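Visitor: So that we are looking at the same thing, I have put the structure below in structure tokens.
There are 2 protein chains.
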Amino acid sequence: MTRYAQLAGELRRRIDGGIYRGGDRLPSIRALCREFAVSISTAQTAYARLEDAGLVEARPKSGFFVRSQPAPTDLPAVTRPAQRPLDVSRWDQVLELVERHPPDDEVLLLGRGIPDLACPTLKPLQRLLAERYRHASGQDLNYDALAGSLALRQQVVRLMAGAGSLLHPDDVLITSGCQEALSIAIRTLTEPGDVVAVDSPSFYGTMQILQANGLKALEIPTDPCTGISLEALELALEQWPIRAIQLTPTCNNPLGYTMPEERKRALLALAQRFDVAIIEDDIYGDLAFDTPRPRTIKAFDDDGRVLLCSGFSKTLMPGLRVGWIAPGRYRDRVQHMKYVSTGASATLPQLAIADFIAKGCYERHLRAVVTQYRRQRDLMISWVRRYFPADTGISYPQGGFLLWLELPGGIDSMRLNERLVPARLRIAPGSLFSASGKYRDCLRLNYASALTPTIEAALRRVGEEVTRLYVGVGDRALA
Amino acid sequence: MTRYAQLAGELRRRIDGGIYRGGDRLPSIRALCREFAVSISTAQTAYARLEDAGLVEARPKSGFFVRSQPAPTDLPAVTRPAQRPLDVSRWDQVLELVERHPPDDEVLLLGRGIPDLACPTLKPLQRLLAERYRHASGQDLNYDALAGSLALRQQVVRLMAGAGSLLHPDDVLITSGCQEALSIAIRTLTEPGDVVAVDSPSFYGTMQILQANGLKALEIPTDPCTGISLEALELALEQWPIRAIQLTPTCNNPLGYTMPEERKRALLALAQRFDVAIIEDDIYGDLAFDTPRPRTIKAFDDDGRVLLCSGFSKTLMPGLRVGWIAPGRYRDRVQHMKYVSTGASATLPQLAIADFIAKGCYERHLRAVVTQYRRQRDLMISWVRRYFPADTGISYPQGGFLLWLELPGGIDSMRLNERLVPARLRIAPGSLFSASGKYRDCLRLNYASALTPTIEAALRRVGEEVTRLYVGVGDRALA
Ligand SMILES: Cc1ncc(COP(=O)(O)O)c(C=O)c1O
Ligand SMILES: Cc1ncc(COP(=O)(O)O)c(C=O)c1O
Numbered sequence: 008m009t010r011y012a013q014l015a016g017e018l019r020r021r022i023d024g025g026i027y028r029g030g031d032r033l034p035s036i037r038a039l040c041r042e043f044a045v046s047i048s049t050a051q052t053a054y055a056r057l058e059d060a061g062l063v064e065a066r067p068k069s070g071f072f073v074r075s076q077p078a079p080t081d082l083p084a085v086t087r088p089a090q091r092p093l094d095v096s097r098w099d100q101v102l103e104l105v106e107r108h109p110p111d112d113e114v115l116l117l118g119r120g121i122p123d124l125a126c127p128t129l130k131p132l133q134r135l136l137a138e139r140y141r142h143a144s145g146q147d148l149n150y151d152a153l154a155g156s157l158a159l160r161q162q163v164v165r166l167m168a169g170a171g172s173l174l175h176p177d178d179v180l181i182t183s184g185c186q187e188a189l190s191i192a193i194r195t196l197t198e199p200g201d202v203v204a205v206d207s208p209s210f211y212g213t214m215q216i217l218q219a220n221g222l223k224a225l226e227i228p229t230d231p232c233t234g235i236s237l238e239a240l241e242l243a244l245e246q247w248p249i250r251a252i253q254l255t256p257t258c259n260n261p262l263g264y265t266m267p268e269e270r271k272r273a274l275l276a277l278a279q280r281f282d283v284a285i286i287e288d289d290i291y292g293d294l295a296f297d298t299p300r301p302r303t304i305k306a307f308d309d310d311g312r313v314l315l316c317s318g319f320s321k322t323l324m325p326g327l328r329v330g331w332i333a334p335g336r337y338r339d340r341v342q343h344m345k346y347v348s349t350g351a352s353a354t355l356p357q358l359a360i361a362d363f364i365a366k367g368c369y370e371r372h373l374r375a376v377v378t379q380y381r382r383q384r385d386l387m388i389s390w391v392r393r394y395f396p397a398d399t400g401i402s403y404p405q406g407g408f409l410l411w412l413e414l415p416g417g418i419d420s421m422r423l424n425e426r427l428v429p430a431r432l433r434i435a436p437g438s439l440f441s442a443s444g445k446y447r448d449c450l451r452l453n454y455a456s457a458l459t460p461t462i463e464a465a466l467r468r469v470g471e472e473v474t475r476l477y478v479g480v481g482d483r484a485l486a
Numbered sequence: 008m009t010r011y012a013q014l015a016g017e018l019r020r021r022i023d024g025g026i027y028r029g030g031d032r033l034p035s036i037r038a039l040c041r042e043f044a045v046s047i048s049t050a051q052t053a054y055a056r057l058e059d060a061g062l063v064e065a066r067p068k069s070g071f072f073v074r075s076q077p078a079p080t081d082l083p084a085v086t087r088p089a090q091r092p093l094d095v096s097r098w099d100q101v102l103e104l105v106e107r108h109p110p111d112d113e114v115l116l117l118g119r120g121i122p123d124l125a126c127p128t129l130k131p132l133q134r135l136l137a138e139r140y141r142h143a144s145g146q147d148l149n150y151d152a153l154a155g156s157l158a159l160r161q162q163v164v165r166l167m168a169g170a171g172s173l174l175h176p177d178d179v180l181i182t183s184g185c186q187e188a189l190s191i192a193i194r195t196l197t198e199p200g201d202v203v204a205v206d207s208p209s210f211y212g213t214m215q216i217l218q219a220n221g222l223k224a225l226e227i228p229t230d231p232c233t234g235i236s237l238e239a240l241e242l243a244l245e246q247w248p249i250r251a252i253q254l255t256p257t258c259n260n261p262l263g264y265t266m267p268e269e270r271k272r273a274l275l276a277l278a279q280r281f282d283v284a285i286i287e288d289d290i291y292g293d294l295a296f297d298t299p300r301p302r303t304i305k306a307f308d309d310d311g312r313v314l315l316c317s318g319f320s321k322t323l324m325p326g327l328r329v330g331w332i333a334p335g336r337y338r339d340r341v342q343h344m345k346y347v348s349t350g351a352s353a354t355l356p357q358l359a360i361a362d363f364i365a366k367g368c369y370e371r372h373l374r375a376v377v378t379q380y381r382r383q384r385d386l387m388i389s390w391v392r393r394y395f396p397a398d399t400g401i402s403y404p405q406g407g408f409l410l411w412l413e414l415p416g417g418i419d420s421m422r423l424n425e426r427l428v429p430a431r432l433r434i435a436p437g438s439l440f441s442a443s444g445k446y447r448d449c450l451r452l453n454y455a456s457a458l459t460p461t462i463e464a465a466l467r468r469v470g471e472e473v474t475r476l477y478v479g480v481g482d483r484a485l486a
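In structure tokens, the structure reads:
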């Protein structure tokens with residue numbers, strides 16, 4: 008990491024940590040130079056980056072100030088899922104969402120978890136892949152090492168250094184997508200009947216893993232800005248025999264928040280106190296809107312209890328199916344589980360991604376998409392404000408490309424989806440994200456690909472249907 | 008299938024089924040034309056194919072005769088594993104075998120399950136892959152359908168028609184290697200503590216799946232020519248609560264036999280009688296030395312109880328990680344298990360393989376490698392006869408590229424491997440293939456890639472070490 012990025016990171020952490028609060032005046036350039044022993048230009052660049060990130064503003068003649076967070080007033084409520092372990096179901100709904108629609112059936116899927124695949128900064132990756140496949144010989148066509156290609160594991164280590172973790176390539180195993188990483192992590196830690204605590208709402212893929220393995224999900228209330236409630240989690244840990252905590256603390260799917268760093272540390276301390284493992288899903292972490300990207304919980308993990316799961320499906324292309332896991336002290340069992348699950352992962356996509364990162368193309372690509380996603384977040388939020396009932400709850404994502412809406416009047420998003428069939432539109436219903444039948448009045452949208460007039464029209468149409476349902480609710484209430 | 012291939016297949020089945028026996032005179036060309044209503048040239052071509060396959064010989068002026076099978080006299084013994092369900096272990100040894108050695112450590116691995124990757128008929132596949140990756144857009148970079156690409160599922164259906172199965176593309180799900188197919192099949196059918204009956208010796212990958220899922224393996228005695236003992240299996244089914252039968256009945260790994268068709272049918276009848284599912288591993292089936300290739304058990308499955316698992320790791324390249332499963336009546340649960348295991352499989356390798364098959368390149372490639380493997384089987388057997396003690400048991404593979412040896416005097420193949428360290432050679436020890444510690448005196452060799460003087464020298468060296476150990480055994484016996 009460059010000097011100015013380190014400095015910006017440190018300032019960022021102080022802001023996150025509440026050392027400097029909204030409206031506070033920040034140290035002068037000179038003070039920074041003294042405190043950190045850096046040059047004036049380094050200090051200036053660091054502030055410029057924080058300005059870009061929307062965290063700091065320069066006021067003429069008075070210096071730099073912490074920006075008051077935009078603090079949207081229309082955030083969804085803190086979630087209140089059922090406080091007991093539950094079996095997960097809803098596979099039919101998940102299948103309906105994740106199943107590819109036949110190409111002739113031109114449905115516009117507004118809620119899937121897919122990045123922008125038309126981004127020109129992805130093109131070099133396709134070239135690298137093509138070259139690798141054309142020129143591969145012998146070893147590259149063979150079974151890879153069980154842990155995956157060293158070249159890619161080294162690049163993962165480099166990326167994770169930027170997220171605060173000092174890993175060794177032997178700490179990393181490449182998997183067939185992040186889904187395999189999560190599946191292996193959960194199966195390594197649990198036996199049928201065990202309880203796993205999850206943030207709530209929670210990624211449906213993980214919930215289905217719990218279901219398939221006969222596990223129970225204990226959904227913990229979660230704040231749309233700061234993430235899983237540590238107070239509720241502590242109570243749950245006292246009350247239930249929890250085997251693992253599974254969560255997505257950075258650029259959460261579906262809520263978009265990033266847990267503040269002190270809360271990540273506090274969560275880890277809690278896990279240590281109750282001696283449970285943490286399965287940390289970081290698949291959207293590299294898409295954080297702030298630079299440097301937020302640190303993982305794994306960054307603070309000093310006794311190997313965090314199994315960090317991630318991959319390139321959201322930052323590059325899902326169709327490559329390249330994920331990874333850094334399983335800490337569970338490495339040997341995870342490796343065995345990886346062998347029995349799929350053997351080694353495909354060799355050449357790993358090598359091509361390693362090339363892509365090593366050449367700096369990954370960073371360039373991230374810069375491009377993060378800028379795009381951030382802009383499109385704001386645009387899509389403005390559309391929702393325009394086309395949806397005024398009391399719709401809207402998340403305020405800190406990264407990634409997913410927006411979460413809480414519809415007013417308890418409107419059922421499954422019913423909404425049915426109403427959208429004639430318009431050939433589909434949203435992701437909120438109920439997929441809960442084991443306890445919560446979030447029926449919520450839905451997920453995707454703002455990754457170019458927000459064309461077609462998408463605006465689609466969103467207007469969804470808003471109209473919501474409004475109609477809302478009026479219906481009012482009518483029934485009056486009747 | 009062409010007319011002559013059908014006819015050759017029918018004759019082949021009569022020979023296999025013992026209707027025509029070694030030395031028997033076969034129907035004349037004219038009789039064939041009458042019986043099957045085919046042309047003279049079709050009948051001639053059918054006999055020519057059976058001649059090529061070594062099953063039939065033409066004797067001048069007297070017509071066609073069934074060849075007496077070479078019936079090697081030095082086959083390994085029928086196996087006698089422990090007759091009770093056992094926990095599987097030996098992960099360390101499996102890891103040592105499957106783990107990729109660092110490139111600088113130039114060990115010659117004589118026992119791994121890897122096809123010849125230098126075969127020129129594979130080159131078009133690399134070109135197709137490169138083109139697919141270079142020109143892919145949108146959908147092809149995205150998550151594939153959960154069941155896999157329709158184009159590949161259609162080609163799998165075509166291939167399996169040649170193995171006697173009439174499948175529909177919806178009956179097939181693409182997986183990340185055959186290992187995932189097996190893993191999913193087993194997890195779909197069982198709960199921890201359940202018993203699975205397996206052929207013995209048995210592929211270590213499957214055994215490790217049993218271990219990881221808390222299942223017990225019941226190893227059934229197996230004949231090196233005709234496969235799993237139906238008599239022993241019947242007894243076992245009466246005695247134990249068996250949830251599934253898992254076996255590799257065609258071009259078995261490691262023994263090389265193909266179960267005769269009547270035995271496959273009888274096995275299915277047994278499974279029906281006891282109402283258990285069959286997990287049929289056919290990964291080497293397309294590499295059978297006879298044409299048309301033997302039919303699967305699945306071909307006779309009329310109530311959907313066979314889960315057929317296969318893939319392209321042995322016929323094309325393991326590093327692509329493309330496998331598939333035809334799960335019969337278990338399709339829905341298998342699909343869920345596939346979703347939670349890895350989500351959809353990688354898109355583009357599937358499309359490239361589908362192109363490769365559709366263009367006829369797969370058949371061309373199979374013809375080339377099958378001819379090569381058959382020739383090399385005979386050459387490697389001749390080397391073993393030359394360099395190993397005379398009473399070494401040698402399998403007689405009907406397809407694939409793996410040879411199984413039974414060493415005389417109870418020589419321990421793990422010890423042999425240790426002795427081979429200075430020579431930078433490694434064989435696959437037999438004990439990996441058993442849960443009950445059997446086959447310590449056996450080993451597996453690979454004859455896929457060109458049998459160069461280097462490999463001959465390596466084999467001679469292995470033979471010398473075996474001979475030395477054998478003499479040692481004799482000495483100890485005398486002492
Ligand atoms: C939070 C989260 N984790 C994991 C995954 C699965 O990732 P992959 O497609 O790499 O298996 C997803 C994809 O939707 C996700 O949103
Ligand atoms: C009998 C058998 N089944 C399955 C497999 C695994 O196949 P894949 O590499 O496609 O996962 C192997 C590979 O060694 C095998 O020998």
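Residue numbers (the working numbering), protein chains in the order written: chain A, 8 to 486; chain B, 8 to 486. Where is the CB? At the ideal position from N, CA and C, for every residue including glycine. Small disclaimer: the values here were computed from a predicted structure and weren't measured.
(1) Just checking Q186(B) against ligand 2 - is the residue's beta carbon closer than 8 Å to any of the ligand's heavy atoms?
(2) Given a cut-off of 9 Å on the beta-carbon distance, is the pair F408(B) and P122(B) in contact?
(3) By the 10 Å Cβ neighbour count, where 16 or more other Cβ atoms means buried, how is G400(A) classified, buried or exposed?
(4) With a Cβ-Cβ cutoff of 9 Å, do A353(A) and G326(B) count as a contact?
(5) For ligand 1, I want to know if K445(A) counts as a neighbour, meaning its beta carbon is within less than 8 Å of at least one of the ligand's heavy atoms.
(6) Helix, strand or coil: which one does DSSP assign to E425(B)?
(7) Mind checking if A6(A) is an interface residue toward chain B, Cβ cutoff 9 Å exclusive?
(8) Taking a contact to mean a Cβ-Cβ separation below 9 Å, would you say L14(A) touches A50(A) in this structure?
(9) Does E425(B) pass the burial test, meaning 16 or more other C-beta atoms within 10 Å, or should it be called exposed?
(10) T354(B) versus chain A: which residues are under 8 Å apart at the beta carbon?
(11) Where does L439(B) land, buried or exposed, given buried means 16+ other C-beta within 10 angstroms?
(12) Of the residues L153(B), A455(B), A170(B), which one's Cα is nearest the Cα of D297(B)?
(13) Using DSSP's beta-bridge definition, name the partner residues of R32(A).
(14) Tell me whether G292(A) is buried or exposed, calling it buried when 16 or more other Cβ atoms sit within 10 Å of its Cβ.
(15) Report buried or exposed for E343(B), applying the criterion of at least 16 other Cβ atoms within 10 angstroms of its Cβ.
(16) In chain A, which residues lie less than 7 Å from N149(B) when you measure between Cβ atoms?
(17) Does the Cβ of G470(B) have 16 or more other Cβ atoms within 10 Å, making it buried, or fewer, making it exposed?
(18) Is R328(B) near ligand 3, with its Cβ less than 8 Å from a heavy atom?
(19) Residues of the segment 75–100 of chain A with a CB closer than 8 Å to any CB of chain B: list them in chain order, please.
(20) With 16 as the cutoff for other CB atoms within 10 Å, does I249(B) come out buried or exposed?
(21) Determine, using beta carbons only, whether L192(B) comes closer than 9 Å to chain A.
(22) Check whether the Cβ atoms of Y27(B) and A53(B) sit closer than 9 Å, and answer yes or no.
(23) Examine chain A for any beta-carbon lying closer than 9 Å to the beta-carbon of H372(B), and answer yes or no.
(24) Going by DSSP, what residue range makes up the alpha helix (DSSP H) through C185(A)?
(25) Going along the segment 153–167 of chain A in order, which residues come within less than 8 Å of chain B, judged by CB to CB distance?
(26) DSSP on T354(A), reduced to helix/strand/coil?
(27) What do you get for E238(B), buried or exposed, if any count of 16 or more other CB atoms within 10 angstroms of its CB means buried?
(28) Which residues does DSSP list as the beta-bridge partners of K305(B)?
(29) Could you work out which residue in T86(B), E463(B), I47(B) is closest to P261(B) when comparing CA atoms only?
(30) At a Cβ threshold of 9 Å, is N260(B) touching chain A?
Guide: By the coordinates alone:
(1) For the purposes of this step, residue 186(B) is taken as the residue at position 179 of the second sequence. Yes, Cβ of Q186(B) sits closer than 8 Å to a heavy atom of ligand 2.
(2) Start at 1 with the first residue of the second sequence, and residue 408(B) comes out as number 401. Start at 1 with the first residue of the second sequence, and residue 122(B) comes out as number 115. Closer than 9 Å, so yes.
(3) As a working mapping, residue 400(A) is identified with position 393 in the first sequence. Answer is buried; the Cβ neighbour count reaches 16.
(4) Numbered from 1 along the first sequence, position 346 holds the residue referred to as residue 353(A). Numbered from 1 along the second sequence, position 319 holds the residue referred to as residue 326(B). Yes; because the gap between Cβ atoms is below 9 Å, this pair is in contact.
(5) Translated into the one-based positions of the first sequence, residue 445(A) becomes position 438. No; taking the cut-off as 8 Å, the Cβ of K445(A) has no heavy atom of ligand 1 nearer than that.
(6) Here residue 425(B) refers to the residue found at position 418 of the second sequence. Reduced to three states, the DSSP call for E425(B) is helix.
(7) An answer regarding residue 6(A) cannot be provided, because it is not within the stretch 8 to 486 covered by chain A.
(8) Numbered from its first residue, the first sequence carries residue 14(A) at position 7. Numbered from its first residue, the first sequence carries residue 50(A) at position 43. Closer than 9 Å, so yes.
(9) Residue numbering aside, residue 425(B) sits at position 418 when the second sequence is read from its first letter. By the 10 Å Cβ count, E425(B) comes out exposed.
(10) Looking up residue 354(B) in the second sequence gives position 347. Within chain A, the residues near T354(B) are G326.
(11) What you label residue 439(B) is simply residue 432 of the second sequence in a count that begins at 1. So L439(B) counts as buried.
(12) For the purposes of this step, residue 297(B) is taken as the residue at position 290 of the second sequence. Considering only alpha carbons, the answer is A170(B).
(13) In the first sequence, counting from the first residue as 1, residue 32(A) sits at position 25. F72(A), per the DSSP bridge assignment.
(14) By 1-based counting over the first sequence, the position of residue 292(A) is 285. With 16 or more Cβ atoms within 10 Å of its Cβ, G292(A) is classed as buried.
(15) Start at 1 with the first residue of the second sequence, and residue 343(B) comes out as number 336. Note on identity: in this sequence residue 343(B) is His, with Glu being the wrong assignment. It counts as buried.
(16) Counting from one through the second sequence, the residue named residue 149(B) turns up at place 142. Under the 7 Å cutoff, chain A gives I121, L124, P325, G326.
(17) Residue mapping note: residue 470(B) aligns to position 463 of the second sequence, counting from 1. When all chains shown are included, G470(B) counts as buried.
(18) With respect to small molecules bound, the structure shown includes ligand 1 and ligand 2 and not ligand 3.
(19) W98
(20) For the purposes of this step, residue 249(B) is identified with residue 242 of the second sequence, where counting begins at 1. Burial call: buried.
(21) What you label residue 192(B) is simply residue 185 of the second sequence in a count that begins at 1. What sits at residue 192(B) in the sequence shown is Ala, not Leu. So no, A192(B) is outside the interface.
(22) Mapped onto the second sequence, residue 27(B) falls at position 20. Mapped onto the second sequence, residue 53(B) falls at position 46. No, they are not a contact pair.
(23) Stepping through the second sequence from its first residue, residue 372(B) is reached at position 365. Not an interface residue.
(24) Here the question's residue 185(A) lines up with position 178 in the first sequence. Counting along the chain, the alpha helix (DSSP H) containing C185(A) begins and ends at 184–196.
(25) L153
(26) As a working mapping, residue 354(A) is identified with position 347 in the first sequence. It is helical.
(27) Position 231 of the second sequence holds residue 238(B). E238(B) is exposed by the Cβ-count criterion.
(28) Start at 1 with the first residue of the second sequence, and residue 305(B) comes out as number 298. Answer by DSSP bridge pairing: none, since K305(B) is not bridged.
(29) Here residue 261(B) corresponds to residue number 254 of the second sequence, with the count starting at 1. Residue T86(B) is the option with its Cα nearest to P261(B).
(30) Looking up residue 260(B) in the second sequence gives position 253. Not one chain A Cβ lies under 9 Å of N260(B).
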